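In this text, residue positions in the sequence shown follow this note's numbering: the first is 173, and each later residue adds one.
Worksheet: the structure to be examined is printed underneath.
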Amino acid sequence: MYKTNVKYLCLLTVIIAGFFIFTGGVTSTENDVTYNNFAPQIDDVSASSSPAQIYDKVTFNALVQNKSYEHNSCNNTNTPSSPEKLNSKITILKGSETIATGQYTYKTNFTFDYVFSFPGQYTVISEFTSSNEGDNKTSTKTITLDVKEGSITTLQPGTFTLVNFKHISTSNPTPFEVNGAAALGNSYLTIKGDNTASMHTNATFDPSVVRNYPALTQNYKYDVSGKWVIEKNPNTGLYEFRIEYNNSVYAAYNYTYNGSTMTLSYKDKNNNEFILTFSKN
């Protein structure tokens with residue numbers, strides 16, 4: 173019995189060895205697939221409004237075909253690559269200055285949303301690259317877009333000093349209001365032309381004020397800097413000033429501006445309202 177098992181074991185070894193000698197072993201189906209990369213075909217890139225207006229969201233739409241495909245030599249079939257396998261990039265320039273970069277979002281087509289803060293002529297460069305293995309190909313399309321002033325006063329770069337602080341508390345029917353540098357300290361908002369801003373508030377309140385208005389602290393400090401944008405809130409119809417304070421997280425304020433005085437207001441989670449009035453230097 174033992175010799176018989178040894179005989180069959182030796183025979184099985186010979187069969188397996190012969191299989192690898194004559195066939196080269198098991199071939200992965202991945203080795204049967206070749207990637208045929210071609211430059212994507214950009215049929216159109218357009219803006220949702222042209223000319224556009226500042227503070228209104230503009231959606232860029234790109235119609236792109238992925239011309240690459242995968243060829244399976246095992247069954248001699250070609251599988252077209254889907255558009256979502258394309259890598260995308262959009263660059264917005266004003267003159268030679270890069271204003272924004274990003275990637276298109278793909279659903280049924282490619283879209284990218286942007287809000288312009290200043291009027292002028294902008295160049296929009298759209299790039300799409302095949303993402304299959306191998307030698308990737310890129311196609312580029314460039315359009316120009318005129319951006320006009322909107323229905324409200326354009327916020328120009330500059331420094332604004334905090335001149336009035338008003339607090340409407342849910343626990344106290346009498347609003348609290350304070351004016352002047354003595355109470356408000358060195359508080360200001362700086363707007364820059366590259367769409368960055370910095371806000372520094374440093375107000376000091378009497379302990380009796382804090383007792384009557386518990387949402388306040390004796391030393392009311394708030395420092396934030398980052399990207400800024402003004403955009404109409406579709407739910408309220410009001411314009412909002414938003415400033416980035418932590419990795420693309422934005423603080424939002426209701427916003428009005430008449431060319432010299434800016435008012436920002438917000439409510440906390442307990443519905444206490446804070447109203448900050450700035451005067452342009």
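The beta carbon of each residue, even a glycine, is placed where N, CA and C say it ideally should be.
All values derive from a computational prediction rather than experimental measurement.
- Query: P379 and T326 look like a contact to me (Cβ under 8 Å); what is the Cβ gap, rounded to whole Å?
  - Reply: For the purposes of this step, residue 379 is taken as the residue at position 207 of the sequence shown. For the purposes of this step, residue 326 is taken as the residue at position 154 of the sequence shown. The pair is not a contact, with the Cβ atoms about 42 Å apart (cut-off 8 Å).
From this set, T231, F284, T449, T373, which residue's C-alpha is nearest K393's C-alpha? Locating residue 393 in the sequence shown gives position 221, where the first residue counts as 1. The shortest Cα separation from K393 among T231, F284, T449, T373 belongs to T373.
Practice problem: Could you check how far apart the C-beta atoms of N453 and G330 are, in whole angstroms? I think they sit under 8 Å. | Solution: Here the question's residue 453 lines up with position 281 in the sequence shown. Here the question's residue 330 lines up with position 158 in the sequence shown. 7 Å between Cβ atoms; contact.
### Every unbroken alpha helix (DSSP H) within the stretch 249–275, with a cutoff of 4 residues, ordered by chain
The stretch 249–275 contains no whole alpha helix (DSSP H) run of 4 or more residues.
Cβ pair F332, F232 closer than 8 Å:
Taking the first residue of the sequence shown as 1, we reach residue 332 at position 160. Taking the first residue of the sequence shown as 1, we reach residue 232 at position 60. Contact flag unset, no.
Check your understanding: Name the DSSP bridge partner or partners of L361?
Key -> Residue numbering aside, residue 361 sits at position 189 when the sequence shown is read from its first letter. Paired residue(s): F332, M371.
Practice item. Take the Cβ of N443 as the centre, count every other Cβ of all protein chains shown within 10 Å, and call the residue buried at 16 or more, exposed below. Key: Locating residue 443 in the sequence shown gives position 271, where the first residue counts as 1. Exposed, because fewer than 16 other Cβ atoms sit within 10 Å of the Cβ of N443.
**Report entry** Residues near Y241 in its chain [Cβ-Cβ closer than 7 Å; skip 5 each side]
**Finding:** Within the sequence shown, the letter at position 69 stands for residue 241. N208, N250, T251, P252, S253.
Query raised in the report: Quick one: what's got a C-beta closer than 8 Å to S437's C-beta in the same chain, skipping five residues either side?
Result: Indexing the sequence shown from 1 puts residue 437 at position 265. Answer for S437: Y425, N426, E445, F446, I447, L448, listed in chain order.
*With a cut-off of 8 Å, do at least 3 Cβ pairs link the stretch 312–319 to the stretch 345–353?*
no
* To do: Determine contact between the stretch 276–294 and the stretch 401–413, defined as no fewer than three beta-carbon pairs at a distance below 8 Å.
  => Below 8 Å, enough C-beta pairs join the stretch 276–294 and the stretch 401–413 to call them touching: three or more.
When you compare the CB positions of F337 and I214, do they come within less than 8 Å of one another, or not?
Along the sequence shown, one-based indexing puts residue 337 at 165. Along the sequence shown, one-based indexing puts residue 214 at 42. Result no, Cβ atoms of F337 and I214 do not sit closer than 8 Å.
Quiz item: Are the CB atoms of Q390 and G322 nearer to each other than 8 Å?
Solution: If you number the sequence shown from 1, residue 390 lands on position 218. If you number the sequence shown from 1, residue 322 lands on position 150. It is not a contact, given that the beta carbons lie outside the stated cut-off.
- Report buried or exposed for S454, applying the criterion of at least 16 other Cβ atoms within 10 angstroms of its Cβ. This structure leaves residue 454 out entirely; the chain is present only between 173 and 453.
Which full runs of the alpha helix (DSSP H) of 4+ residues lie inside the stretch 368–445, going along the chain? 379–384
request  = Taking 8 Å as the cut-off, decide whether the C-beta atoms of N304 and K239 are in contact.
outcome  = Taking the sequence shown and counting its residues from 1, one reaches residue 304 at position 132. Taking the sequence shown and counting its residues from 1, one reaches residue 239 at position 67. With respect to the 8 Å criterion, N304 and K239 are not classified as neighbours on the basis of their beta carbons.
| query | Could you give the residue range of the beta strand (DSSP E) that holds A219? | reply | Here residue 219 refers to the residue found at position 47 when the sequence shown is read from its first residue. A219 -> beta strand (DSSP E) spans 213–219.
- Extent of the continuous beta strand (DSSP E) run through L454: The displayed coordinates of the chain run from 173 to 453. Any statement about residue 454 would go beyond what the structure contains.
Original post:
Apart from the five residues on each side of it in sequence, which residues of its chain come closer than 6 Å, Cβ to Cβ, to T435?
Top reply: Your numbering for residue 435 matches position 263 in the sequence shown. So the list reads T428, T449, once near-sequence residues are dropped.
_Quick check on DSSP: helix, strand or coil for D285?_
Taking the first residue of the sequence shown as 1, we reach residue 285 at position 113. The answer is strand: DSSP assigns D285 an E or B state.
| request: Note the first and the last residue of the continuous alpha helix (DSSP H) segment covering L327. | output: For this step, residue 327 is matched to residue 155 along the sequence shown. No alpha helix (DSSP H) holds L327; DSSP gives it neither H nor E.
task: Could you check what DSSP says for T176 in three-state terms: helix, strand or coil?
output: Locating residue 176 in the sequence shown gives position 4, counting from the first residue. Any reading at T176 is ruled out, since the residue's pLDDT is 48, under 50, leaving its predicted position unreliable.
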